[in-house]
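The structure under discussion appears below in the form of structure tokens.
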Amino acid sequence: MNEGSTERARFLYIDGGLLFAQIGSRLCTSDDYGISWNEYPAKLRGGVHAFSRMHARLMRKGIHSIRLLSDGKILILTKHAIWTYRKGCDVNDTFLIPRGTRPLFVCEDRGGALFWGEYFSNPGRGEVHIYGSFDNAESWDVVYRLKNIRHVHGVFCDPYDNRIWVTTGDADAESGIWVTGDRFKTIEKVTGGGQQHRAVQLIFTESYVYFGTDTPYERNYIYRLHKKSGEAERLAAVDSSVYWGCKVGKYIFFSTAIEPSAVNTSEYACIWGANDGEQWRCLTKLKKDPWPMKLFQLGQIFFPHGENGTGYLFYTPMATEGDQTLQRVKVSELF
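And the structure:
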């Protein structure tokens, strides 16, 4: 949608029909499916501004994600910091990330409690912290300490039963999917112990938890986990590691990353989709651009977080064809 623009852009969040994106160094919103954009009155600070698309990729600049909270505030995740913003007020840095650059996800349960997990290198395999906030992101405290893992990939709230799910990696024994029903007073490992249990993002339906594997060592697949039995059902083989996913109405989507290894040989990032959760196919493929991955990031495709009831799939390619542009396609045209 901004393919001709020289400004970098990325979809960040969707709340019903309200879209949020970073365009250049501005946080913008759209209420017409991304046709037009208005600058949001939040004056963004450190870690966001970049001179160009390539500078943003090299320095990992920009907003990594946002979340619209139930009290009306916006939670903004940038490199090394969590910010909050309320209309008419200043942007406040409420928390500096002590280890790693940022969490990959922040979730909110029905009661307004917020949770995220540490994502950092952790070579010594020390405890990994789950943080929680019970005052609308004004303060953060460690609510659980996970042992014998490398890091947390994501923390997610199941909208159907309000339980909190956690994904961890990276070695076989460190990889797993966990769940808590009491805000981390206790936690249970639902599945784990191998690379086929190494996941990043979870997508929920009433009966299942969908995920793709994120491994450079084995063939990657899309699975669904039966909530009642805890059994993982293999649904489709994909061509590389799966990082990101989203849901548009009943339709479920995952994207693969270009993460070269002995088993991940594809030069394309793909969007995989299913209209019934069972029959999966690659819907679009984007070729890696020529810039080196170690410096300028892996090829991947981002989706906005949040609830999407628009009938459109929104996505942002990174380090591929269409790098850092806003893309939109009608879901009905994909199936």
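116 is the number that this note's numbering gives to position 132 of the sequence shown; each next residue is one higher, with no gaps.
C-beta: ideal position from N, C-alpha, C; glycine also.
In the DSSP assignment, the beta strand (DSSP E) including lysine 269 goes from what residue to what residue? 265 to 271
Taking 8 Å as the threshold (C-beta atoms), are proline 87 and glutamate 102 in contact? yes
Name the two residues that bound the continuous alpha helix (DSSP H) containing arginine 41. 37 to 43
Would DSSP call leucine 279 helix, strand or coil? helix
Give me the Cα-Cα distance between alanine 121 and aspartate 166, rounded to the nearest whole angstrom. Alanine 121 and aspartate 166 have their alpha carbons spaced roughly 19 Å apart.
Using beta-carbon positions only, say whether proline 274 and isoleucine 285 come within less than 8 Å of one another. Their beta carbons are not under 8 Å apart, which means proline 274 does not touch isoleucine 285 by this criterion.
Which two residues bound the contiguous beta strand (DSSP E) that contains glutamate 262? Annotation: glutamate 262 is outside any beta strand (DSSP E) and is labelled neither H nor E by DSSP.
Taking the beta strand (DSSP E) that isoleucine 206 belongs to, which residues open and close that run? Note, isoleucine 206: beta strand (DSSP E), 204 to 210.
Three CB pairs or more closer than 8 Å across the region 163 to 179 and the region 218 to 228: no
Determine the DSSP secondary structure at histidine 181, reduced to helix, strand or coil. helix
If you check the beta carbons only, do lysine 231 and cysteine 254 fall under 8 Å apart? no
Which whole runs of the beta strand (DSSP E) in the region 49 to 122 are 3 residues long or more, in chain order? 49 to 52, 58 to 62, 65 to 69, 76 to 80, 98 to 101, 112 to 117
Go to glutamate 291, then tell me how far its beta strand (DSSP E) extends in each direction, as first and last residue. 289 to 292
Mapping DSSP to helix, strand and coil, what is aspartate 145? Taken through DSSP and simplified to helix, strand or coil, aspartate 145 comes out as coil.
Mind checking tyrosine 235: buried by the 16 CB within 10 Å criterion, or exposed? buried
Sorted by chain position, which residues of the same chain lie with C-beta nearer than 7 Å to leucine 355's C-beta, five sequence neighbours on each side aside? With the chain covering only -15 through 319, there is no way to say anything about residue 355.
Please name the residue or residues paired with isoleucine 285 in a DSSP beta bridge. Pro301
Is the distance from the Cβ of phenylalanine 237 to the Cβ of leucine 297 below 8 Å? yes
Reference tryptophan 100, options Asn76, Val126, Tyr201, Ser245, closest by Cα: Val126
In or out: glutamate -13 buried (at least 16 other Cβ within 10 Å) or exposed? Caution is warranted here: a pLDDT of 48 is assigned to glutamate -13, below 50, making its placement in the model unreliable, and the coordinate value is therefore given only provisionally. Looking at its Cβ environment, which holds fewer than 16 other Cβ atoms inside 10 Å, glutamate -13 is exposed.
Suppose the cutoff is 8 Å on Cβ atoms and the five residues either side in sequence are ignored; what does the same chain contact list for threonine 78 look like? For threonine 78, where only same-chain residues beyond five positions count, the Cβ hits under 8 Å are Ile66, Trp67, Thr68, Ala121, Glu122, Ser123, Trp124.
Check whether the region 6 to 13 touches the region 23 to 39, counting contact only when three or more Cβ pairs, one atom from each stretch, lie closer than 8 Å. yes
Compare the beta carbon distance of phenylalanine 287 and tryptophan 228 with 8 Å and say whether it is the shorter of the two. yes
Could I get the ranges of all uninterrupted beta strand (DSSP E) runs contained in the region 208 to 242, with 3 residues as the minimum, in chain order? 216 to 222, 226 to 232, 235 to 240
Which of helix, strand or coil does DSSP assign to glutamate -13? Here glutamate -13 scores only 48 on pLDDT, less than 50, and its place in the model should not be relied on; the value that follows carries that caveat. Correct three-state label for glutamate -13: coil.
Within 10 angstroms of its Cβ, does serine 14 collect 16 or more other Cβ (buried), or is it exposed? buried
Among Trp256, Lys271, Glu243, whose alpha-carbon lies nearest the alpha-carbon of tyrosine 201? Glu243
Cβ separation of tyrosine 128 and isoleucine 171, assumed to be a contact under 8 Å, to the nearest whole Å: 6 Å
Do you know how far the Cα of lysine 173 is from the Cα of lysine 212? 14 Å
Can you tell me where the beta strand (DSSP E) with isoleucine 47 in it begins and where it stops? Taken as a continuous stretch (DSSP letters only), isoleucine 47 belongs to no beta strand (DSSP E), as it is neither H nor E.
Count the other CB atoms within 10 Å of the CB of phenylalanine 319; is the residue buried (16 or more) or exposed (fewer)? exposed
Just reading off the beta strand (DSSP E) that glycine 176 is part of, what are its end residues? From DSSP, the beta strand (DSSP E) with glycine 176 extends over 172 to 176.
Within 10 Å of its beta-carbon, does arginine 182 have 16 or more other beta-carbons around it, so buried, or fewer, so exposed? buried
Buried or exposed: which applies to phenylalanine 168, given that a residue is buried once 16 or more other Cβ atoms fall within 10 Å of its Cβ? buried
Along the beta strand (DSSP E) that carries isoleucine 161, what are the first and last residues, could you check? 160 to 164
Using the C-alpha atoms, what's the distance from proline 107 back to glutamine 281? So the two alpha carbons sit approximately 21 Å from each other.
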